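Asks: What follows is a structure written as structure tokens; I'll ask about it next.
Numbering (the working numbering), first residue to last: 451 to 777.
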């Protein structure tokens with residue numbers, strides 16, 4: 451019993467000493483990393499590296515605008531009342547007319563489709579062609595009428611939205627919603643292509659390829675697809691953003707400033723996502739190669755030895771059969 455208690459005390463003392471040593475090592479490592487970061491920041495001269503300074507400034511500005519900044523123009527109750535009144539007036543003036551025009555266009559389109567079934571040109575008579583021409587004219591007339599009413603509605607909507615302004619919560623919220631839709635489309639594009647590329651990689655992979663090699667190839671394909679998808683999201687967002695800006699009655703300088711800030715924020719968010727993805731991929735690859743690499747290498751070597759034994763066994767069986775046939 452005495453020896454057991456002594457061993458327990460010795461083990462506890464050793465564990466405590468080891469824990470303290472590890473804690474001191476971690477503190478020293480953290481202090482060293484923090485000190486290195488402080489030294490790098492202290493040696494940085496912004497005026498000597500204007501491009502780096504501008505890039506960092508735009509990145510920080512974009513992240514602040516995307517996640518922390520509030521809309522510059524706050525919507526007051528009076529502004530909200532004017533906006534609601536403009537929408538009500540637009541609905542009273544154009545609502546019924548727009549619905550009627552949409553119904554006329556829909557009916558004219560259905561009538562034209564009914565008059566032009568598949569292959570109607572081969573068996574159409576003069577009367578049938580005249581009926582088709584009349585249906586086409588009615589459809590075109592209904593389409594022009596609908597386009598005119600929609601143009602009036604767009605102008606009325608622009609006037610109503612101008613009561614709040616492009617830099618209000620409405621404009622900023624619409625810009626964020628537009629970027630979210632563009633990002634989702636880019637993510638779906640990347641996910642779909644990664645799935646099909648991975649399936650093609652599985653079908654084209656060699657039987658003697660190692661698991662690490664297959665994983666690294668698939669990882670590079672996934673990263674390239676997501677990079678392309680994110681750049682596609684930025685491109686589509688940059689193209690669709692002017693249409694949103696035109697829905698507000700604003701000056702050219704205000705529109706240009708809003709476009710610039712919105713695109714910078716979108717680029718900053720995408721760059722952050724890509725940096726996180728590449729960092730996670732690099733860390734996962736390092737951990738896989740360092741910790742799982744030896745085990746996978748042993749498994750691959752064992753598989754190669756098994757295949758070699760199977761090949762030798764097949765060769766031995768064929769030799770025996772050949773000798774038996776000769777005898």
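All C-beta atoms in this analysis are idealised placements derived from N, C-alpha and C, irrespective of residue type, glycine included.
What you are looking at is a predicted structure, and each value in this text was computed from that prediction instead of being measured.
Skipping 5 residues on each side, what residues in its chain have a beta carbon closer than 7 Å to that of residue 672?
Replies: 644
Asks: Alpha helix (DSSP H) containing residue 525: first to last residue?
Replies: No alpha helix (DSSP H) contains residue 525, which DSSP labels as neither H nor E.
Asks: From the DSSP secondary-structure annotation, give me the bridge partner or partners of residue 538.
Replies: BP columns for residue 538 are empty, so no partner.
Asks: Using the Cβ count rule (16 or more neighbours within 10 Å means buried), how would you classify residue 740?
Replies: exposed
Asks: Please name the residue, chosen from 499, 678, 696, 501, that lies closest to residue 723 on a Cα-to-Cα basis.
Replies: 678
Asks: Residue 537 and residue 603: beta carbons closer than 8 Å?
Replies: no
Asks: With distances taken between CB atoms, is the gap from residue 585 to residue 562 smaller than 8 Å?
Replies: yes
Asks: Taking the beta carbon of residue 670 as the centre, do at least 16 other beta carbons fall within 10 Å, making it buried, or is it exposed?
Replies: exposed
Asks: Does any residue of chain B bring its CB to less than 8 Å from the CB of residue 729?
Replies: Absent from the structure is chain B; it holds one protein chain and no more.
Asks: What residues match up with residue 618 in a beta bridge as DSSP calls it?
Replies: 523
Asks: Rounded to whole angstroms, what's the CA-CA distance from residue 526 to residue 623? Just pull it up for me.
Replies: 16 Å
Asks: Tell me where the alpha helix (DSSP H) around residue 391 begins and ends.
Replies: Outside the shown range of the chain, which is 451 to 777, sits residue 391, and nothing can be said about it.
Asks: DSSP three-state call for residue 698: helix, strand or coil?
Replies: coil
Asks: Answer yes or no: do residue 573 and residue 632 have a C-beta to C-beta separation smaller than 8 Å?
Replies: no
Asks: So, does the segment 515–532 touch the segment 611–630, judging by three or more C-beta pairs under 8 Å?
Replies: yes
Asks: Should residue 684 go down as buried or exposed, given a rule of 16 or more other Cβ atoms within 10 Å for buried?
Replies: With 16 or more other Cβ atoms within 10 Å, it is buried.
Asks: What distance in whole Å lies between the Cβ atoms of residue 516 and residue 697, which are believed to be in contact at a cut-off of 8 Å?
Replies: No, residue 697 and residue 516 are not in contact; Cβ-Cβ is about 21 Å, not under 8 Å.
Asks: Please say whether residue 625 and residue 712 have beta carbons closer to each other than 8 Å?
Replies: yes
Asks: Please say whether residue 551 and residue 620 have beta carbons closer to each other than 8 Å?
Replies: no
Asks: Would DSSP call residue 692 helix, strand or coil?
Replies: helix
Asks: Can you tell which of 535, 690, 555 has the C-alpha that lies nearest to the C-alpha of residue 598?
Replies: Considering only alpha carbons, the answer is 555.
Asks: Extract the residue ranges of the beta strand (DSSP E) inside the segment 580–650, only unbroken runs of 3 or more that lie entirely within it.
Replies: none
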